[in-house]
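Sequences listed follow chains A, B, C and D, in order. Under this note's numbering, the first residue of the first sequence carries the number 54, and numbering increases by one thereafter. Under this note's numbering, the first residue of the second sequence carries the number 54, and numbering increases by one thereafter. Under this note's numbering, the first residue of the third sequence carries the number 8, and numbering increases by one thereafter. Under this note's numbering, the first residue of the fourth sequence carries the number 8, and numbering increases by one thereafter.
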Amino acid sequence: MKTKFQPDENGYFGEFGGAYIPELLYPNVKEIEDNYIQIIESEEFQKEYRGLLKDYVGRPSPLYYATRLSEKYKAHIYLKREDLVHTGAHKINNTIGQILIAQKLGKTQIIAETGAGQHGVATATVCALMGMDCTVFMGEKDIVRQAPNVARMKMLGAKVVPATSGSKTLKDATNEAIRYWIQNPHTFYLIGSVVGPHPHPDMVARLQAIISEEIKWQMKEKTGKENPDTIIACVGGGSNAAGAFYHYLENEEVELIAVEAAGLGVTSGESAATSQLGEVGIIHGSKTILMQDEYGQIVEPYSISAGLDYPGVGPLHAFLFDSKRAKFMNATDQEALDAAFELTKVEGIIPALETAHAFAVLPKMDLREDQVIVINLSGRGDKDLETYIKHLDA
Amino acid sequence: MKTKFQPDENGYFGEFGGAYIPELLYPNVKEIEDNYIQIIESEEFQKEYRGLLKDYVGRPSPLYYATRLSEKYKAHIYLKREDLVHTGAHKINNTIGQILIAQKLGKTQIIAETGAGQHGVATATVCALMGMDCTVFMGEKDIVRQAPNVARMKMLGAKVVPATSGSKTLKDATNEAIRYWIQNPHTFYLIGSVVGPHPHPDMVARLQAIISEEIKWQMKEKTGKENPDTIIACVGGGSNAAGAFYHYLENEEVELIAVEAAGLGVTSGESAATSQLGEVGIIHGSKTILMQDEYGQIVEPYSISAGLDYPGVGPLHAFLFDSKRAKFMNATDQEALDAAFELTKVEGIIPALETAHAFAVLPKMDLREDQVIVINLSGRGDKDLETYIKHLDA
Amino acid sequence: MNTIAKHLEQKGRNNLSIYFTSGFPELNDTQKVIEELGEAGVDFIEVGLPYSDPLADGPTIQDSSTIALRNGINLDIVFDQLMSIKDSNKTPLVVMGYLNQVLKYGEKRFCEKVVACGIDTVILPDLPMVEYENHYKALFDSYGINNVFLITPNTSEERIRKIDEYTQSFIYMVASSAITGAKGEISDQQIAYFERIKAMNLKSKLIIGFGISNHSTFSKACEYANGAIIGSAFIKNLQNNGIQGIASFVKGIRNA
Amino acid sequence: MNTIAKHLEQKGRNNLSIYFTSGFPELNDTQKVIEELGEAGVDFIEVGLPYSDPLADGPTIQDSSTIALRNGINLDIVFDQLMSIKDSNKTPLVVMGYLNQVLKYGEKRFCEKVVACGIDTVILPDLPMVEYENHYKALFDSYGINNVFLITPNTSEERIRKIDEYTQSFIYMVASSAITGAKGEISDQQIAYFERIKAMNLKSKLIIGFGISNHSTFSKACEYANGAIIGSAFIKNLQNNGIQGIASFVKGIRNA
Ligand SMILES: Cc1ncc(COP(=O)(O)O)c(C=O)c1O
Ligand SMILES: Cc1ncc(COP(=O)(O)O)c(C=O)c1O
């Protein structure tokens, strides 16, 4: 039985979602739609997926009680350590699952888009693992600002194709990937977040749900209770938040906080705070909340972080925002940098720039001393060192 | 009761070891010697150490059956995934333990040497975690070739001091660290490998022993038997090998293979294959095997990998070599690069350049089809991307 | 009866349709391009509504859209331009855009404007059939607007029959599984697909698009359908030879 | 009786010892430096055996060692140099090096050479007491060589008493917990340490080293011990003023 936060038969979460795709893609998307749940729920898939998550990806990722951060903010703060999984971010939970699905569907050529490069690396990694052909589309601007990840993809044998249109970032890389997919319908589009046409958002959410599945038993083990009071995650497309929220969605006692990138300030004109600036619209095949001008032209977003630099959010998040199930907050570039420096100094953990946004809302919250918070530490900051050092010296 | 591979009361493994230190360091070393075993074996330490290893470091690290690599080499190859632990290499097993020991000894200022920067990052990390002052000595040449790790240390709040003497690599960084320690005896020298005066080698080996402790039960879980046929690890100072070998040392049925860096070739004059080129001598406070000229001047070693670029080995390893308990092999720069590219392409894992040396001996071995091999994947290659890309394009 | 259908009905075979991007190469070229195309005797024209993220278009059309948007084009201006030639222009028009433009402009407001410009046919490549059935069919019907569906070599027979039912203008037959962009020739595989569709005896007229770029591909397409649409090849010509090059381009397509 | 001890016995107080690096600044300066130092009237001389990794030395001595090694110095050459002045030189000599040099040269061969050069005192800062007791004591005794032990403010009384027992030459009192290198003044803390050691009434003579750099620190040190050793300050002077500067350097130390 479908729950409130699962898509209906047309792929809608409330009014958001669907599959707004050219007819050329219909058979591809239909093939996935017809098979994904059955594959995911099959014993064979679960065995392979769980096996790889454990031995290859390094799951469960720890749930770490951050003593010094907790002292500082006078609350009980746990960090879900997605930074420790193979390739350094939650993205691989999804790519491991999708590559197995692709395999079951007999696909051998994989395409993907990437912003921060983490999804590109995670895709190139599983393609190497499975001996598949891999092409990754990446905005020309992101190729520059996330150079280490470009090097990793190259070394993993992936072809990295620069997206040169629009803002030359994630949105444009996604356009190019979809365009290539239309032209090469035999390829499998291994999408990197809970975005795109149905069933991609649901498929990715189900694969990232392992995060909250673990949080539940880890919280129980540590505190005797499955539920924290609050879960905080950053939102680019929304996949790490979807994963961290998933098994708590129906449980309204658990507060969910989604943090968007405010760039130079929500109203500065240089921002990616979709929920604050967007309106209902269609992007990359789904109806969601979207930053657009009065004529529906998609606005070029801005964030210091290549993984949050996206003018939309996944349809589930649009619904979480619209239905007020999740609280949407945001953090500027500077707030994210400060939060990254703080986490590094007090806990010895260098977060990804994306992830840093989730930590940046702590000073803005009214915390209770007994409040139990889980922050999804979605990725590590190795890829962002150049940016950090630039601002550290400044 | 002391076993064959534990140091005697003067810190000797066979004829190797001891504490060849200036009188100025005697009280410091004595303080550690008098306390380390008692601290390590205390319930309090074990609780904190194991707790941090689990929740902070991300242990146990997986033991991953590498299907494609196994197919390729016609043997059963398991990878011990130290690349997945926090900060990206086995080094943190040791720094977490030593920082707790330092704490119990009332120390607040930490110094360390580093070659590849992994130990420097791991030290800076635990110092941030414990709120301690951190100074890391690093060869000027290594500061250049391991730039990402220098950035990480800076961000973690550590002071990185360049060592400008000698070959400007690990050996010289260690000299500088010891020199500073002599001048500042209140500091705690958090050494990064199983080298240095007794009890440092034994202390570090005990802290790295967690690796083989896990391999034992993981092998049992996976194959029904605790013992692989063969364990392979690269050797710089020898800490990751010591950790991977530790619980198997007494069990002569398990073949142990230590892989040294042969640089441009063992006999090329540009090498770091200590066991092949060295003779008994004293370096950094212990008697061991050492690359030296006919007057006992220490030879400047060479390897493409900053973590193996060391003219000695730890005294335990000298004894393993001398007693033939371990087989010493080696790999050139090019062989290591090739092995790194191969592992990346077939398993989607980019190893550290140091680690790549361990994989480089596979083609040189006579493998049986039923041979069960564990390779210690000591660290990830993010820090080495620039070198890899340079050679990938070449 | 639908304007385009009527024209196709009258003319029968060898219909030539040209796609162009409004506001390109210059903001106010829209009317001139339509006029020239009309004079050159094309059968109907697809007026592209420039979009920031035209997923279903190839690089040529995408680039022309970017330029048009930079020129300042927007839906209000396009509709004003079309309005201004409503009486003078005799060539049937179709508007082609993306669904988000319609959504944001206001679905009804969009339909009113289309109709006011004397247009009754739209192509929205990212409007999927299920959304059409659930929502847009009723809306469009109430304005007398017909939606053009695309079919591809991979569209199932069942789905094609349904599309045939919904179609009052024409079915846009995608020549191959590729987004718009000039190719060279028409392959045996494509011909097999054309023949398969032809043999289905659909009630709707068929227009072939995607990869039609010259006289040879146009003529070949016309053997299997009521005509063909040229987009990227025309945009490229417009870019290189300007509005004065339109007549000879169209002539070149019609006669070798 | 040990040569140095005999000299200290005779002279009693205000002994000045100079450390220098053999083969520095030029390969064949070893003999000249010793000669100049002798003429300047120093009490005894420590001949540094340049080592690649001189852990217990500060940057000045380390740099001088690097230069000497680059000059081509090695143990064979040093011993030849010392041999060549065996008869002419009247100033007692001590050799100071690192244990690995001894090991590699051959322990016995090393001892033979030292003795052949008329030297009976060695300083090996990285030779720990336990190794001395277990092995080197017997070896050195068999050659009539005495090993100089260092003590620091942190050396326990028990340990100092043992060292006193082993000592036939002198005890090297490290002025502070710091490696060699010119400091400025002698602190109250250091003086407290000197007085503590003095009060122990050791049988051995005491020489203070590390941080002695000028007349003032030398004189102060001589209040609490039989003399003092100057190393880095001398090397710096040698580097800056050459061999001809030695006499005035020594004079400056003796008289303000
Ligand atoms: C570490 C990290 N966190 C978060 C994100 C944002 O994506 P999502 O919202 O899908 O989790 C990215 C995207 O690249 C990322 O790399
Ligand atoms: C990943 C990795 N492996 C191996 C080594 C070599 O050190 P050891 O022999 O102590 O394990 C290093 C040293 O930096 C390292 O970073």
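Using N, Cα and C, we set each Cβ at its ideal position, and we do this for glycine too. Note that the structure is a prediction, hence the values are computed from the model and not measured.
Cutoff 6 angstroms; reference residue i; Cβ partners in own chain excluding five residues on either side
i              : result
N293 (chain B) : H143, A286, N429 and S431
V122 (chain C) : Y150
Y233 (chain B) : I164
P113 (chain A) : E267
A413 (chain B) : A384, E388, A389 and A392
K227 (chain C) : I193
A189 (chain D) : Its pLDDT being 47, under 50, A189 (chain D) is placed unreliably in this model, and the coordinates cannot settle the point.
I250 (chain D) : K39 and E43
Cut-off 8 angstroms between Cβ atoms - residues of its own chain near residue i, not counting five sequence neighbours on either side
i              : result
E303 (chain A) : T56, K57 and F58
N9 (chain D)   : D127, T128, N153, Q175 and S176
I186 (chain D) : With a pLDDT of only 49 at I186 (chain D), under the threshold of 50, the placement of this residue in the model should not be trusted, and no figure is reported.
Y231 (chain C) : I198, F201, E202, I204, K205, L213 and I215
Bridge-paired residues (DSSP) for residue i
i              : result
G216 (chain C) : C:V181
E313 (chain A) : A:N383
I428 (chain A) : A:L132 and A:I285
R261 (chain C) : DSSP, once it has assigned bridges, lists no residue as partnering R261 (chain C).
V102 (chain D) : D:V54 and D:V129
V213 (chain A) : A:V189
A262 (chain B) : The partner list for A262 (chain B) (beta bridge, DSSP) is empty, contrary to what the question assumes.
E308 (chain A) : A:T283
G70 (chain B)  : B:Y65 and B:K340
E166 (chain A) : A:F190
V333 (chain B) : B:I342
R433 (chain A) : A:P404
Inter-residue CB distance, residue i and residue j (contact presumed, cutoff 8 angstroms)
i              : j              : result
V248 (chain A) : G290 (chain A) : 4 angstroms
T276 (chain A) : V425 (chain A) : 7 angstroms
T408 (chain B) : R198 (chain B) : With a Cβ gap of about 16 angstroms, T408 (chain B) and R198 (chain B) do not count as contacting.
E101 (chain A) : G219 (chain A) : Wrong, their Cβ atoms sit about 38 angstroms apart, outside the cutoff.
D4 (chain C)   : G234 (chain C) : This structure cannot settle anything about residue 4 (chain C), because the visible part of chain C is limited to 8 through 263.
S29 (chain C)  : P57 (chain C)  : 7 angstroms
Own chain residues within Cβ distance below 7 angstroms of residue i, not counting five before or after
i              : result
T222 (chain A) : G168, G192, K194, D195, A359 and D362
C124 (chain C) : F86, L89, M90 and K93
F372 (chain B) : F66, G67 and F69
K125 (chain A) : V399
heavy atom of ligand 4 below 8 angstroms from residue i C-beta
i              : result
E439 (chain B) : This structure does not include ligand 4; its bound ligands are ligand 1 and ligand 2.
Proximal residues of chain F, C-beta to C-beta of residue i below 9 angstroms
i              : result
Q196 (chain D) : Here the protein chains are A, B, C and D, and chain F is not one of them.
Give me the subset of the segment 146–157 of chain D whose CB atoms are less than 9 angstroms from a CB atom of chain B, sorted by chain position.
F156 and L157
Count the C-beta pairs between the segment 129–148 of chain B and the segment 412–431 of chain B that are closer than 8 angstroms, then say yes if the count reaches three, no if not.
Output reads yes: the segment 412–431 of chain B touches the segment 129–148 of chain B.
Can you give me, in chain order, the residues of the segment 344–360 of chain B that have a beta carbon less than 9 angstroms from any beta carbon in chain D?
Those would be Q345, D346, E347, Y348, G349, Q350, I351, V352 and E353, in chain order.
Could you please tell me which residues of the segment 108–122 of chain D, in chain order, have their CB closer than 7 angstroms to any CB of chain B?
Q108, L110, K111 and Y112
Tell me whether the segment 303–320 of chain B and the segment 357–366 of chain B touch, counting them as touching only if at least three CB pairs, one residue from each stretch, are closer than 8 angstroms.
yes
Quick one: any contact between the segment 192–211 of chain D and the segment 59–71 of chain B, if contact means 3 or more CB pairs under 8 angstroms?
no
Got a sec: which bits of the segment 377–408 of chain A sit with their beta carbon under 9 angstroms from any beta carbon on chain B, in order along the chain?
Answer in chain order: A393, F394, T397, K398, V399, E400, G401, I402 and I403.
Three or more C-beta pairs under 8 angstroms: does that hold for the segment 190–207 of chain B against the segment 217–231 of chain B?
yes
Mind checking the segment 236–268 of chain B against chain D and listing, in chain order, the residues whose C-beta falls within less than 7 angstroms of any C-beta there?
Q236 and P238
Could you tell me whether the segment 324–342 of chain B touches the segment 91–101 of chain D, using the rule of 3 or more Cβ pairs below 8 angstroms?
no
Where the segment 176–203 of chain A meets chain B: residues whose CB sits under 8 angstroms from a CB there:
A177, T178, V179, C180, A181, L182, G184 and P201
Using a beta-carbon distance cut-off of less than 9 angstroms, what residues from the segment 123–145 of chain C approach chain A?
P132, D133, L134, P135, M136, V137, E138 and N141
Would you say the segment 28–43 of chain D touches the segment 66–83 of chain D, given that touching needs at least three Cβ pairs under 8 angstroms?
Counting Cβ pairs under 8 angstroms, three or more are found: they touch.
Decide yes or no for the touch test of the segment 156–175 of chain D against the segment 107–126 of chain B: beta carbon pairs closer than 8 angstroms, at least 3 of them.
As far as the Cβ criterion goes, the segment 156–175 of chain D does not touch the segment 107–126 of chain B, which means the pair count is below three.
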